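Since the structure comes first, as structure tokens, the remarks are kept for the end.
Numbering (my numbering), first residue to last: 721 to 1120.
Right, dumping it as structure tokens:
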């Protein structure tokens, strides 16, 4: 027969104290992966009751930030169950304090004296695409500089009969804001009825193929957008909404020239004239397509400047000044939106650009583009125009 002896009461008490100490040590050092970390956590523990509670509830993280054993324990205790939210909050607050104030530093974290690393930017929610108008899209961009004159980020396609040297772009353009108060920019439309391809449900009443006299849908509307941006930048703008191509297309440039000359005579402070058009582009089979550039998740209509010369025999001695102005604006845009602008085209015709040294003809997308795409580009063009014009004006005042 085996006789079991009861342990002495002193030994039993010592065992209980030792067990309690072990429980406290386990609770205080829970989550530490090194001896140093355990000692440091032990040093920071000032709440014995909390340490014992954490030990009783377990040391492994589980559902809702509590260890599985904690969830089981709380579920079996009516008192703890009634205060589950408080226990969870207390547990998580201590864990967060430990994470924020701990001394175990990852190797890649700089010392406290070093400058903080920049935070990773959070990608903004992509803006919604414009309604699809069903036209095939392409982005036209030069694949090499061959065949172009290149100045900075600007490609120039010289289709005139005149020689063109890149050295002209080393100089600033001649156009500058007038010292007197008054309108500074004039926007006109030689072919004002030019319109776009609208999505289903947004159709307009046509006056011809991809044309309408409704100025809420043609390039006059695009001119409104450019004017609004320029005015917001502090420039005074005149926008003539006359449709010089309606009812007769032939002779439109002659009629728009009369309009420009009338404004210049009445407002001699005008230095910049913008003739807003839209292009018409089709593939080898004659199917139209739109030209786009992605801007912040949206499709912007690609734009292009057309610069006239005296190559056709009409007087236009300062056409290079218009070209330099166009290149300055295009460089401003190219630095932000590399594919937004197609190459500048230089032609023999003068396109009424002999009237000022700050005259431009701009093609705002093509007939296949939607109006939304053209309006987005109009805002971007307006911003670049304003910056170039105002910067030149500021430099002129400093040099005076």
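Even glycine gets a Cβ: it sits at the ideal position worked out from N, Cα and C.
Please read all numbers here as calculations on a predicted model, not as lab measurements.
Item: Segments assigned beta strand (DSSP E), at least 3 residues, entirely inside the stretch 1025 to 1081; Value: 1064 to 1067
Item: Contact between the stretch 872 to 884 and the stretch 917 to 931 (3+ Cβ pairs under 8 Å); Value: no
Item: Under 8 Å between C-beta atoms of residue 857 and residue 1009; Value: yes
Item: Check whether residue 717 and residue 1084 have beta carbons under 8 Å apart; Value: In the structure displayed, the chain extends from 721 to 1120; residue 717 sits before or after that span and is not available.
Item: Proximity to residue 1039 [Cα-Cα], best of 855, 852 and 894; Value: 894
Item: C-beta contact flag for residue 1021 and residue 947 at 8 Å; Value: no
Item: Assigned exposure category for residue 1063 - 16 Cβ within 10 Å defines buried; Value: buried
Item: Simplified DSSP assignment, three categories, for residue 1085; Value: strand
Item: Per-residue DSSP class, three states only, for residue 863; Value: coil
Item: Cβ-based burial, residue 1036 [other Cβ within 10 Å; buried from 16]; Value: buried
Item: Start-end ranges of the alpha helix (DSSP H) lying completely within the stretch 910 to 966, minimum 4 residues; Value: 939 to 952
Item: Pair within 8 Å by beta-carbon distance, residue 992 and residue 1082; Value: no
Item: Residue from 985, 1111, 876 and 1090 whose Cα sits closest to the Cα of residue 854; Value: 1090
Item: Exposure of residue 902, with buried meaning 16 or more beta-carbon neighbours within 10 Å; Value: exposed
Item: Any 3 or more C-beta pairs closer than 8 Å across the stretch 970 to 985 and the stretch 905 to 915; Value: yes
Item: Proximity test, residue 1041 beta-carbon vs the ligand NAP heavy atom, cut-off 7 Å; Value: Of ligands this structure carries none, so the ligand NAP is not represented either.
Item: Contact check, residue 1031 vs residue 881, beta carbons under 8 Å; Value: yes
Item: According to DSSP, residues forming a beta bridge with residue 999; Value: 1086
Item: Nearest-angstrom Cα separation, counted from residue 1097 out to residue 1086; Value: 12 Å
Item: Residues that residue 992 bridges to, as DSSP identifies them; Value: 905 and 1078
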